[in-house]
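**Q** Quick note, the sequences are listed as chains A and B, same order. Mind the numbering: the first sequence is residues 43 to 369 in our numbering, read in order. Mind the numbering: the second sequence is residues 466 to 519 in our numbering, read in order. Cβ atoms here follow ideal geometry from the backbone N, Cα and C, with glycine treated the same way. Remember, it's a predicted structure, so these values are computed and weren't measured experimentally.
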Amino acid sequence: MGLRGAANLLPGLGGPLGKIYPEHIAGMLGLPVVGDIYYVDPSGGNDTANGGTTPDTDALKTVQAAFDKCTADRDDVVVIAGRSSTGRTSEDQINWSKRRTHLLGNGAPRRINNRNGISFNSSATSPCFTLSANNCIIANVSLAQFNDVNVLLEITSDYNTFMNVHFQGIGNATTGDDTAARAVLLTAAEENEFLNCTFGLDTVARSAANALLEQTGSCPRNSYRNCNFLSHVDAAGAFSVILSTGNCTERHLIFEKCMFLNSDVGGSATKMTVHMNTSATSNGTIILDHSWMEGATDWADDFTTLFSANMPEVPTAATAGIMQVLA
Amino acid sequence: MAKKKREDVEEAAESTVEAPGWYKGYDMKWLKKVTDHPDHNLVAEYEEKNGEIK
Numbered sequence: 043m044g045l046r047g048a049a050n051l052l053p054g055l056g057g058p059l060g061k062i063y064p065e066h067i068a069g070m071l072g073l074p075v076v077g078d079i080y081y082v083d084p085s086g087g088n089d090t091a092n093g094g095t096t097p098d099t100d101a102l103k104t105v106q107a108a109f110d111k112c113t114a115d116r117d118d119v120v121v122i123a124g125r126s127s128t129g130r131t132s133e134d135q136i137n138w139s140k141r142r143t144h145l146l147g148n149g150a151p152r153r154i155n156n157r158n159g160i161s162f163n164s165s166a167t168s169p170c171f172t173l174s175a176n177n178c179i180i181a182n183v184s185l186a187q188f189n190d191v192n193v194l195l196e197i198t199s200d201y202n203t204f205m206n207v208h209f210q211g212i213g214n215a216t217t218g219d220d221t222a223a224r225a226v227l228l229t230a231a232e233e234n235e236f237l238n239c240t241f242g243l244d245t246v247a248r249s250a251a252n253a254l255l256e257q258t259g260s261c262p263r264n265s266y267r268n269c270n271f272l273s274h275v276d277a278a279g280a281f282s283v284i285l286s287t288g289n290c291t292e293r294h295l296i297f298e299k300c301m302f303l304n305s306d307v308g309g310s311a312t313k314m315t316v317h318m319n320t321s322a323t324s325n326g327t328i329i330l331d332h333s334w335m336e337g338a339t340d341w342a343d344d345f346t347t348l349f350s351a352n353m354p355e356v357p358t359a360a361t362a363g364i365m366q367v368l369a
Numbered sequence: 466m467a468k469k470k471r472e473d474v475e476e477a478a479e480s481t482v483e484a485p486g487w488y489k490g491y492d493m494k495w496l497k498k499v500t501d502h503p504d505h506n507l508v509a510e511y512e513e514k515n516g517e518i519k
């Protein structure tokens, strides 16, 4: 394959011994061009001695250090190229505040437990990760908080895309007992897209009326496609999703080919009353397209705004315990 | 953030009948793998009472 762009201008990048070229990163993100690339190696990197310009000898240790070097509106990319089992960094809270700046995990593309990502430590305050900039791509990473901190990710911005991201929030049993806990919180955030993502963990029990996802404030036209919502609850009042405030599903919200799962089959978790805490005043439709749920008595506590498309019925009682029809 | 005291959580957990392999709100097989989890010490406590998690 011929090398183009920056590889021609900088022979060192295009050399036969090079491993990753800017155009490769661009291709992984689906962008024709990218700006500067900063590499993070959670186990071998060094924020003090290194500059992040190469994935091996010059890698940084934290995403925060790499993000600090990025410039907004240049399509700069932070690449987590881990060399440990989890490939996760340890960070205080991060405010991703630079528009058109992207985060990419270098590893197997997958929906669950991506082996590159960010783990927030006990010094992080809620929310651990704030996405306050528009037009960003977060791809192929896991975001994790196993300490008692309520919100893993809050999005206060628009037009962002998440691909292959596992939001490992509420990863602490104490947090699971707190009604304010959320894995992902959208606050007045619009037109964000989540593709092939996983929300939550089914290995830590939740017993309060908290949720894996909440939209609050004016949140028009957000969509979730091929996403899984994983729960293990030990009280019926926990939710997968909270959509209960005015305008929180403005215009529409789409769940396409999503699964809402609570591991009650086999006698471990408690059956949830509903997966969705919904409201008649959310000012838009919630569209379930070819989506399924298990482990709850019903989909939602208010069906005023809940619409279905391509939702085949489960035919027999024998299978009804595994998946359930809409209403 | 309303932090609960660990004793309260333990008391609540102990008052609940948990499924096999679960202990104080965690799937112990998972917790054993997550060595950087702040409650990873519960693995040893669990194994002392119930034997090694395999």
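Listing by chain order, which chain A residues have their CB less than 7 Å from the CB of glycine 490 of chain B?
**A** Residues of chain A passing the Cβ test: Ala215, Gly218, Val246, Ala247.
**Q** Let me know the beta strand (DSSP E) ranges lying completely inside the region 145-224 of chain A, each 3 residues or longer, listed in chain order.
**A** As far as the region 145-224 of chain A is concerned, its whole beta strand (DSSP E) runs of at least 3 residues are 159-162, 171-173, 179-187, 193-197, 203-210.
**Q** Rounded to a whole number of angstroms, what is the C-alpha to C-alpha distance between aspartate 89 of chain A and serine 273 of chain A?
**A** Cα-Cα distance, rounded: 36 Å.
**Q** Check whether the Cβ of glycine 47 of chain A lies closer than 8 Å to any Cβ atom in chain B.
**A** Interpretation of glycine 47 of chain A is limited by its pLDDT of 48, a score under 50 that renders its predicted location unreliable; the figure taken from the coordinates is listed afterwards. No, glycine 47 of chain A lies away from the interface with chain B (no Cβ there is under 8 Å from its Cβ).
**Q** Is lysine 497 of chain B closer than 8 Å to valine 508 of chain B when the C-beta atoms are compared?
**A** Closer than 8 Å, so yes.
**Q** Establish whether the CB of valine 508 of chain B and some CB of chain A are separated by less than 8 Å.
**A** False, the Cβ-Cβ gap to chain A never drops below 8 Å.
**Q** Alanine 123 of chain A to valine 82 of chain A, Cα distance in whole Å?
**A** Each residue's Cα considered, the two are about 6 Å apart.
**Q** For threonine 339 of chain A, count neighbouring C-beta atoms within 10 Å of its own C-beta (all shown protein chains included) and say buried if the count is 16 or more, exposed if not.
**A** Classification of threonine 339 of chain A: exposed, given that the 10 Å Cβ count is below 16.
**Q** Measuring only the C-alpha atoms, how far is lysine 489 of chain B from alanine 215 of chain A?
**A** Distance between the alpha carbons of lysine 489 of chain B and alanine 215 of chain A: 7 Å.
**Q** Any C-beta of chain B sitting closer than 8 Å to the C-beta of serine 161 of chain A?
**A** Yes, contact with chain B.
**Q** Mark proline 74 of chain A as exposed unless 16 or more other C-beta atoms lie within 10 angstroms of its C-beta, in which case mark it buried.
**A** It counts as exposed.
**Q** Rounded to a whole number of angstroms, what is the C-alpha to C-alpha distance between leucine 295 of chain A and glycine 211 of chain A?
**A** Straight-line Cα distance between these residues: approximately 22 Å.
**Q** What residue does the beta strand (DSSP E) around alanine 280 of chain A start on, and which one ends it?
**A** Unbroken run through alanine 280 of chain A: none, as it is neither H nor E.
**Q** So, does the CB of asparagine 270 of chain A fall closer than 8 Å to a CB anywhere in chain B?
**A** Chain B, which has no Cβ nearer than 8 Å to the Cβ of asparagine 270 of chain A, makes this no.
**Q** Check whether chain A comes within 8 Å of aspartate 504 of chain B, counting only Cβ atoms and requiring the distance to be less than that.
**A** By this cut-off, aspartate 504 of chain B is an interface position.
**Q** Between the alpha carbons of alanine 225 of chain A and lysine 514 of chain B, how many angstroms are there, rounded?
**A** Cα to Cα, the separation comes out at about 32 Å.
**Q** Using 8 Å as the threshold, is the C-beta distance between asparagine 182 of chain A and arginine 142 of chain A below it?
**A** Against a cut-off of 8 Å, the Cβ pair of arginine 142 of chain A and asparagine 182 of chain A comes out as no contact.
**Q** Whose Cβ in chain B lies nearer than 7 Å to the Cβ of asparagine 189 of chain A?
**A** The answer, in chain order, is Pro503.
**Q** For threonine 167 of chain A, collect the residues of the same chain with a Cβ closer than 6 Å to its Cβ; drop the 5 residues on either side in sequence, then sort them by chain order.
**A** Gln135.
**Q** Between the beta-carbon of cysteine 239 of chain A and the beta-carbon of cysteine 261 of chain A, is there less than 8 Å?
**A** The answer is no: Cβ separation not under 8 Å.
**Q** Near serine 333 of chain A, what residues of its chain come up, given a Cβ to Cβ distance below 6 Å and the 5 sequence neighbours on each side ignored?
**A** Closer than 6 Å at Cβ, skipping near neighbours: Phe297, Cys300.
**Q** With the cut-off set at 8 Å, would you say asparagine 156 of chain A and serine 184 of chain A are in Cβ contact?
**A** Contact: yes.
**Q** Along the chain, where does the beta strand (DSSP E) that runs through valine 119 of chain A open and close?
**A** Note, valine 119 of chain A: beta strand (DSSP E), 119-122.
**Q** Using CA coordinates, which residue listed in A:Thr287, A:Leu330, A:Ala222 is at the minimum distance from asparagine 268 of chain A?
**A** Cα-wise, what sits closest to asparagine 268 of chain A is A:Leu330.
**Q** Could I get the ranges of all uninterrupted beta strand (DSSP E) runs contained in the region 228-271 of chain A, with 3 residues as the minimum, in chain order?
**A** Those beta strand (DSSP E) runs which fall completely within the region 228-271 of chain A and span 3+ residues are 235-237, 253-258, 264-267.
**Q** Determine the direct distance from the alpha carbon of glycine 516 of chain B to that of isoleucine 197 of chain A, and round the result to whole angstroms.
**A** So the alpha carbons of these two residues sit roughly 43 Å apart.
**Q** From the DSSP output, which residues share a beta bridge with isoleucine 296 of chain A?
**A** In DSSP, isoleucine 296 of chain A forms a bridge with A:Ser265, A:Ile329.
**Q** Quick check on methionine 318 of chain A: does DSSP put it in helix, strand or coil?
**A** DSSP places methionine 318 of chain A in strand when its eight states are reduced to three.
**Q** Can you find the residues in the same chain that come closer than 8 Å, C-beta to C-beta, to leucine 303 of chain A, ignoring five residues on each side of it along the sequence?
**A** For leucine 303 of chain A, where only same-chain residues beyond five positions count, the Cβ hits under 8 Å are Asp244, Asn270, Phe271, Leu272, Ser273, Met335, Glu336, Gly337.
**Q** Going by alpha carbons, who is nearest to leucine 228 of chain A out of A:Val193, A:Ser305, A:Ala351?
**A** Of the listed residues, the one whose Cα sits closest to leucine 228 of chain A is A:Val193.
**Q** Chain B partners of serine 164 of chain A, CB-CB under 8 Å?
**A** Chain B residues near serine 164 of chain A: Pro503.
**Q** Pick from A:Leu195, A:Ser164, A:Ile179: whose alpha carbon is nearest that of phenylalanine 188 of chain A?
**A** Cα-wise, what sits closest to phenylalanine 188 of chain A is A:Ser164.
**Q** Where do the ends of the beta strand (DSSP E) carrying asparagine 304 of chain A lie?
**A** Looking at the DSSP string, the run of the beta strand (DSSP E) that includes asparagine 304 of chain A is 301-304.
**Q** Which word fits glycine 159 of chain A, buried or exposed, when buried means at least 16 other C-beta atoms lie within 10 angstroms of its C-beta?
**A** Flag for glycine 159 of chain A reads buried.
**Q** Verify whether the separation of the beta carbon atoms of leucine 237 of chain A and valine 283 of chain A is less than 8 Å.
**A** No.
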